[in-house]
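Comments concern the structure below.
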Amino acid sequence: MAERIAKQFKRLQQTGPAAEWAENTRNFLMSRISRDTLGKEQPWFESFQLNAIIWLRKVSPSPVKAVSAFLVLAMIGGTSMVAKAEYIPTRSLYTVKRTVEKIELVLAVTPLSETKVHLKHAAERKNEAVKLTQQASISSEDKTEHINTVVKSLKNDINAVQTSLEIVKGDKKEPQKAVILAKEITDNVNKTIEDLDEVKKIAFDENIVDVKQTVDDAQSAIEDVEDESIKVLIEEVTNKKASSAEAAENAAQNNTEENQAGVKNETVPAGNKDAKEIISEDELKQIITKKVERTDKKIQEVKEIVQNITLASASSTTATAADLKEVSEAAENPAKAEVKLIEAKSLIEEGQLSEAMVKVQESKQITKESKEVVEKIKETQDKATAENNQQIQKSAEGIKLDEVKIGSSTTTESTPEVIEEAKFNSSAEPAESAGKVETPEEPADFVAEDLSSEPSEPPESEAKVEADLNIIK
Amino acid sequence: MKDDAENKDKYLVIKANQGDTEAFGKLFDKYSAKIYRFIYYKVSSAEIAEDFTSQCFLKIWEQISSGAKVRSFQSWMYKIARNLVIDYYRSREREELPLIYQEEEIQSEVKVDPDKNLDKDFLEKVLLNLNVEVREIITLRFIEELSIKEIAKIVDKSPANVRVIIHRALKELNKYVE
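Quick mapping for you: the protein sequence lines, in order, are chains S and C.
Heads up, the first sequence is in our numbering, so the first residue is 1 and it goes up one at a time.
Heads up, the second sequence is in our numbering, so the first residue is 1001 and it goes up one at a time.
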């Protein structure tokens, strides 16, 4: 209760001095200040303090502004966090995600940081492609479109990485930067290539064929940038080796001269130990070995395709001599590529990394060309098989129709076995087949006319069908 | 908001020190009534309060022009006013008792309904009936609406001590409640 009285004390704020007194006192004070400050020089720190306060008053936000800014930042942060998980390019959150990525790129000022950002984005695109292939709720058409979009973006990022590497390589003042960049690239791309293989595999399993070319292009771009990086690293390791050998030689020479002069000398360290080692020879060997393994895997894939084609061509009656020659030529290439890889492996062991890399690239080129050829042959074969299948189906349907006509009173069963049997009967023994009709309701001349259309010998198209069936089997 | 007001005061102080009379004029306009009230409810005389307020601002100016460092202008200003009054009473301690309110002591049996709007004269009388030390704190807390921390700085007491004094004062005010 007493608080209520105390609160009413606020009303005493009305108490104040007389207006006249206030004015007089104010004027008196003003004149006093004017008199006191007349000709007074201000120290520099007071001006500085004054400016600091003015600046602070301008800069320091009001609580409302601070809270609003915080809310806006929280909203942006929250949205970008949510957008980070988005992987379908047509959604609006994906646009937010890409905008955030663009900002990241703008903030990256050095080529090294820019490359890191591009590699990060490439890895993100790769993850998106993997997620898209695994997503069951998206239709095949949409999936194809989305995967193509993200893989194309990935390729753009990789191209940007390649450009950055070329720029840094051109900078002769700081050659170490190119080595750091090359190391960064080789550390990142291997996983991306492997995961893209996975994308291709899943897409193939799900019958999404239109993404293969895009993924192949992206992989090829990644391989190219990886090759460039490995070359930079090889150069670095070779230079280091040479300088170490030179230093060791000089040290040995000095020791000999000093020993001759009878002066004891401490061991001179070989090479420049102050320089930080970015990559060792063993690490580089591992990187090239990985590349060899990857190429070997591709050769095995090509060999497998070649084997399938060879089998199919051998059993095919339609395969021409030219086709068979093409297949046998395609079969030789993987073997050539394998030889190159074996040579590369032994060169790696000997430490001739540059030469090993040349062999790997040659092997890769042969494999690539061979793959293109065999895939083309396979495509043609698949097309022919599909056409044959269609013809077989049509023939089977025609036979079924005939049987319906023949066995009008007794219901003809249309199981595949019956169709098969009918096909053989109708082609080999048409009369017997006609005789099987127990009670023909159709006029005899109709039946005769119908049967007369069937040739007594198996037609050429039927022989082709038989051959196709063998191929399918 | 408090920081903003403090920065503004600091800015005006520096400007005044540089010879900007209008800056000091603004400080006077902002605080003269407050200082007047604070002194008035200590001395309960309008003339003396006006005199002390003038002296107070003069002292403020003297200190500013001598380059005194001011952290919180408001607290510093109240402290100057308080010291002026204390010095004045010390010098006149043996001469007389100038407190007029003692003649106007109100009857403690007067009871009021605290929910109704109380008369300004009655409130003044209630306030003036409080002990000088308590009155000073009640003035700063309920009329000038300063925080406990600021009051503690002005009256050179701990915030806990200030709270205890306010609590006792409220207890004393209970006798006027119906």
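Don't be surprised by glycine CBs; every beta carbon is placed ideally from N, CA and C.
query, result
"8 Å Cβ cutoff, C:GLN1102 in contact with chain S", "The predicted model places C:GLN1102 with a pLDDT of 48, which falls under 50 and marks its position as unreliable; any figure quoted below should be read in that light. So, not an interface residue."
"Rounded separation between C:SER1044 and S:LEU73 - CA only", "55 Å"
"Proximal residues to C:GLU1050 (C-beta, below 8 Å), its chain only, five neighbours per side dropped", "TYR1036"
"Outcome for C:ARG1082 when other beta-carbon atoms lying within 10 angstroms are tallied against a minimum of 16", "buried"
"Residue interval of the alpha helix (DSSP H) (run including C:ARG1037)", "1021-1043"
"Buried versus exposed call for S:ALA221 [16 or more other C-beta atoms within 10 Å across all chains shown]", "buried"
"Residue-chain proximity (C:PRO1159, chain S), Cβ-Cβ < 8 Å", "no"
"Chain C contact for S:TRP55 (CB, 8 Å cutoff)", "no"
"Where S:VAL151 sits in the DSSP three-state scheme", "helix"
"S:PRO269, buried or exposed, once every other Cβ within 10 Å from all chains shown has been counted against 16", "The predicted model places S:PRO269 with a pLDDT of 47, which falls under 50 and marks its position as unreliable; any figure quoted below should be read in that light. Flag for S:PRO269 reads exposed."
"Closest by C-alpha distance to S:LYS177, when choosing among S:SER164, S:ILE147, S:GLU329", "S:SER164"
"Residue(s) in a DSSP beta bridge with C:VAL1177", "C:VAL1112"
"S:GLU101, enclosing alpha helix (DSSP H) - first and last residue", "92-107"
"Cβ-based contacts, 7 Å cut-off: residues of the segment 1062-1074 of chain C near chain S", "SER1065"
"Classification of S:MET489 by the beta-carbon crowding that lies within 10 angstroms, buried from 16 upward", "Absent from the structure is residue 489 of chain S, since the part of chain S shown begins at 1 and ends at 473."
"S:ALA356 and S:ILE348 closer than 8 Å at C-beta", "yes"
"Test item: CB-CB of S:ILE278 and S:ILE377 under 8 Å", "no"
"Proximity to C:HIS1167 [Cα-Cα], best of C:VAL1155, C:ARG1141, C:GLU1150", "C:ARG1141"
"Test item: CB-CB of S:SER34 and C:THR1139 under 8 Å", "no"
"Distance between C:ILE1048 and C:SER1091 (C-alpha atoms, nearest Å)", "15 Å"
"Short Cβ contact (8 Å threshold) for S:GLN162 with S:GLU228", "yes"
"Chain-ordered chain B contacts of C:PHE1142 [CB-CB under 7 Å]", "Looking at the structure shown, chain B is missing, and the protein chains on hand are S and C."
"Neighbour flag for S:SER34 against chain C, beta carbons, 8 Å", "yes"
"Cα-Cα separation, S:VAL360 to S:ALA245", "27 Å"
"Simplified DSSP state of S:GLU432, which is helix, strand or coil", "Residue placement at S:GLU432 is flagged as unreliable, the pLDDT there being 43, under the threshold of 50; a coordinate-derived value is accordingly withheld."
"Contact with chain S by C:ILE1014, beta-carbon distance below 8 Å", "yes"
"Cβ-based burial, C:VAL1009 [other Cβ within 10 Å; buried from 16]", "With the sequence shown as reference, residue 1009 of chain C is identified as Asp, and Val is not the correct amino acid for it. Buried, because 16 or more other Cβ atoms sit within 10 Å of the Cβ of C:ASP1009."
"Within-8 Å CB hit, C:ARG1037 to chain S", "yes"
"Secondary structure of S:VAL211, DSSP reduced to three states", "coil"
"Within-8 Å CB hit, C:VAL1043 to chain S", "no"
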